[in-house]
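Here the structure is laid out as structure tokens; the discussion comes afterwards.
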Amino acid sequence: MPDTPIHPSGRALRVGVCGPVGTGKSSLIALVCAQLAASLQIAVVTNDIYTDEDARFLRSAGVLDPERIRAVETGACPHTAIRDDITANLLAVEELEEDFAPLDLVLVESGGDNLTATFSPALVDTQIFLIDVAGGGDVARKGGPGITRADLLVVNKTDLAPHVGVDAEQMVADAGAVRDGRPVIALSRQDAASVAALTDWLLGQLAVHRAGTLVPADPGPMAAHFHADGTAHAHDGAHDDHVHA
Amino acid sequence: MTSPDLLLMLLADARLPTAGHTQSAQLEPAVASGLAAADVPAFVSLRLATVTRVEAATAVVALHHLRHGLALDAVELAWAARTPSAAMRATSRTMGRALLRLASRLWPDHRGIASLRRGASRAVVLAAAADAAGLDAAALARLVGYDDVQTVGAAALKLLPLDPAKVAGWVLAALPAVDRLAADVAPLTTPGDIPAAGAPRIEAWAESHATTTRRLFSA
Ligand SMILES: Nc1nc2c(ncn2[C@@H]2O[C@H](COP(=O)(O)OP(=O)(O)O)[C@@H](O)[C@H]2O)c(=O)[nH]1
Ligand SMILES: [Mg+2]
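As given, the protein sequences belong to chains A and B, one line each in that order.
If you're matching positions, the first sequence starts at -5 in this note's numbering and goes up one per residue.
If you're matching positions, the second sequence starts at 122 in this note's numbering and goes up one per residue.
Next comes the structure, spelled out in structure tokens:
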């Protein structure tokens, strides 16, 4: 994309994809590659906990040059590798950016630890958190830093909602309620309109990144929560001077 | 002026962001091929006598070269010649890169650190960090030995069901061997002095681990 303006630093947009195991992170990345690889230069880093299954799945999906997909081992510390000591991931991202320069987009899949794992803003510029309807309708309401404050929340596999007795619309509405206006996309790979909404969001983030105005935000470690008096706030640790029952 | 003790503690701290949590010092493939918890102290001793000795000696010789304005190429070559496993060389260079990334942020004006190129071994990068921190050769050698023992210990806790106090006891028991190693290699100054002490079993484990599709640790 030589004629599009690039980020002042000249590097790719780094997008984190996190959420519990099985919610569809690898599938979402394959979907994005299938949609955008013809128009954007893309690379992927996976953080597998015990196998290189994710990297192999993506390579075999045939949506990206296998060389552009690299796995990072996390020594059984998937949380650490995306939040506190992000070095191994940064090296993988930087190597891909060098080997395939100029890249537009690097997607980083987390090890899918649990509901509380989110990316450090020092590793990714923006992040997507995934939950799925099969995980139960109340997951969105329960919240967690990723659900409440990731840049984008995806409620995945909406095609399964009738089979698992979940009201997908209600789930999206619940998620919207705890997210304070941040975007939510109800996604199914079988629903082209939802896939387009996802790629539109990504392209929007890329445009902001290239303009140099994307400010990475940390969704964690604490989720915003509600008080009986109707006020809501998040604990960032700075001026947390009241007591919770 | 910060005391050398504190700077040594800083460099020895596993909480430093240098991807240390991705490393098992070949303990993972060793366990996969049958090494039991009771064998871990012997595994530690074997490393201290062989691969870790090479790394510590390389670091010490590199430190001497940095402090005397000598080129590091011959040191890198000597290290590579004594590290026959390609997987272990690759791991060392990756860890060197991780450490260099941090060191150039901590000591942005240090000439030795700035002079290092991509592909520098971890021992050489550690020597540059030790130079910036003002550590002496013996302290640097102890750092290499100590870090290796702790890497094995931390990985053992992930790979084998163990009482953590027992592992801490193994580390304590290995410290005299670390001291002896440091005393042996601290006076070295030339690349030819670096001992060629290989451990074929460890090297074979490193090679097999590099191609397995099931692993927790990168090496
Ligand atoms: N029905 C349905 N299944 C999906 C969808 N997206 C992913 N899956 C399935 O969910 C399972 C887990 O997906 P995967 O991408 O491996 O999840 P990850 O562990 O989060 O990376 C796989 O069997 C996928 O085929 C979707 O939109 N609809
Ligand atoms: Mg996956």
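Ideal placement from N, C-alpha and C gives every residue a C-beta, glycine not left out.
Neighbour list for residue 85 of chain A in chain B, Cβ cutoff strictly below 9 Å: Annotation: Cβ neighbours of residue 85 of chain A in chain B (cutoff 9 Å, chain order): 140, 215, 218, 219 and 222.
Chain B contacts from the segment 56 to 88 of chain A (Cβ-Cβ distance under 8 Å): Those would be 66, 67, 68, 69, 70, 71, 74, 75, 78, 79, 80, 81, 82, 84 and 85, in chain order.
C-alpha gap between residue 215 of chain B and residue 129 of chain B, whole angstroms: Distance between the alpha carbons of residue 215 of chain B and residue 129 of chain B is about 22 Å.
Interface flag, residue 142 of chain A vs chain B, CB-CB below 8 Å: Among the residues facing chain B, residue 142 of chain A is not included, as its CB has no counterpart in that chain under 8 Å away.
Residue 163 of chain B, DSSP secondary structure in three states: Judged by DSSP in its simplified three-state form, residue 163 of chain B adopts helix.
Complete alpha helix (DSSP H) runs within the segment 150 to 207 of chain A (minimum length 4 residues, chain order): The segment 150 to 207 of chain A contains these whole alpha helix (DSSP H) runs: 155 to 158, 162 to 172 and 186 to 204.
Collapsed DSSP secondary structure at residue 37 of chain A in the structure displayed: Note: residue 37 of chain A maps to strand in three-state DSSP.
Environment of residue 287 of chain B [buried if 16+ CB atoms lie within 10 Å]: Exposed, by the Cβ-count rule.
Per-residue DSSP class, three states only, for residue 148 of chain A: Strand, per DSSP.
Residue interval of the alpha helix (DSSP H) (run including residue 197 of chain B): Where residue 197 of chain B is concerned, the enclosing alpha helix (DSSP H) stretches over 194 to 202.
beta-carbon residue 54 of chain A near ligand 4 non-hydrogen atom, thresh 7 Å: Ligand 4 is not part of the structure shown, which contains ligand 1 and ligand 2 as its ligands.
Contact under 8 Å by Cβ, residue 341 of chain B with residue 146 of chain B: This structure cannot settle anything about residue 341 of chain B, because the visible part of chain B is limited to 122 through 340.
C-alpha distance - residue 131 of chain B paired with residue 152 of chain A, whole-angstrom precision: Straight across, the Cα-Cα distance linking residue 131 of chain B with residue 152 of chain A is about 50 Å.
Residues near residue 72 of chain A in its chain [Cβ-Cβ closer than 8 Å; skip 5 each side]: For residue 72 of chain A, same chain residues with a beta-carbon under 8 Å away, outside a window of 5 residues either side, are 41, 43, 104, 105, 106, 107 and 111 in chain order.
Nearest candidate by alpha-carbon position, reference residue 213 of chain A, set A:65, A:123 and A:26: Nearest to residue 213 of chain A by alpha-carbon distance, out of A:65, A:123 and A:26, is A:123.
Beta-carbon separation (whole angstroms), residue 64 of chain A vs residue 90 of chain A, contact threshold 8 Å: Taking the Cβ atoms as the reference, residue 64 of chain A lies roughly 6 Å from residue 90 of chain A, within the contact range of under 8 Å.
Top-ranked residue by Cα proximity to residue 290 of chain B, from B:165, B:154, B:156 and B:143: Of B:165, B:154, B:156 and B:143, the smallest CA-CA separation from residue 290 of chain B is found for B:165.
Bridge-paired residues (DSSP) for residue 122 of chain A: Paired residues: A:11 and A:146.
Neighbour flag for residue 339 of chain B against chain A, beta carbons, 8 Å: At a cut-off of 8 Å between C-beta atoms, residue 339 of chain B counts as an interface residue with respect to chain A.
Whether residue 208 of chain B touches residue 318 of chain B by CB criterion (8 Å): No, the Cβ-Cβ distance between residue 208 of chain B and residue 318 of chain B is not below 8 Å.
Proximity test, Cβ basis, 8 Å: residue 40 of chain A and chain B: Interface annotation, residue 40 of chain A: not in contact with chain B, CB-CB separation never under 8 Å.
Cβ-based contacts, 9 Å cut-off: residues of the segment 104 to 116 of chain A near chain B: Here the close residues number zero.
Beta-carbon contacts of residue 160 of chain B that lie in its chain and below 7 Å, excluding the five residues immediately before and after: Cβ neighbours of residue 160 of chain B beyond the five flanking positions: none.
Sequence ranges, beta strand (DSSP E) only - wholly within the segment 229 to 306 of chain B, length at least 3: DSSP runs (the beta strand (DSSP E)) wholly in the segment 229 to 306 of chain B: none.
Nearest neighbour of residue 58 of chain A, chosen from A:34, A:66, A:69 and A:198 [CA to CA]: Closest option to residue 58 of chain A, judged by alpha-carbon separation, among A:34, A:66, A:69 and A:198: A:34.
Closest residue to residue 13 of chain A among A:6, A:7 and A:23 (Cα-Cα distance): When only C-alpha atoms are compared, the closest one is A:23.
Distance CB(residue 117 of chain A)-CB(residue 102 of chain A) smaller than 8 Å: For residue 117 of chain A and residue 102 of chain A, yes; Cβs fall inside 8 Å.
Residue 149 of chain B beta carbon near ligand 2 (any heavy atom closer than 7 Å): Taking 7 Å as the cut-off, one finds no heavy atom of ligand 2 near enough to the beta carbon of residue 149 of chain B.
For residue 115 of chain A and residue 218 of chain A, the rounded distance between their alpha carbons: Confidence at residue 218 of chain A is low in this model, with a pLDDT of 47, below 50, so its placement is unreliable and no value can be given for it.
Under 8 Å by beta carbon: chain A residues contacting residue 144 of chain B: Result: 69.
beta-carbon residue 48 of chain A near ligand 2 non-hydrogen atom, thresh 7 Å: Within the cutoff, so yes.
Neighbourhood of residue 198 of chain A by C-beta, 6 Å cutoff - its chain only, sequence neighbours within 5 removed: Within the same chain, and ignoring the five residues on either side of residue 198 of chain A in sequence, no residue has its Cβ closer than 6 Å to its Cβ.
Assigned exposure category for residue 212 of chain B - 16 Cβ within 10 Å defines buried: Burial call: buried.
Straight-line gap, residue 172 of chain A to residue 178 of chain A (C-alpha atoms, nearest Å): If you take the alpha carbons of residue 172 of chain A and residue 178 of chain A, they lie about 11 Å apart.
Residue from B:321, B:297 and B:264 with nearest C-alpha to residue 134 of chain B: Nearest to residue 134 of chain B by C-alpha distance, out of B:321, B:297 and B:264, is B:264.
Any non-hydrogen atom of ligand 1 within 7 Å of residue 150 of chain A CB: In terms of side-chain proximity, the C-beta atom of residue 150 of chain A is found nearer than 7 Å to a non-hydrogen atom of ligand 1.
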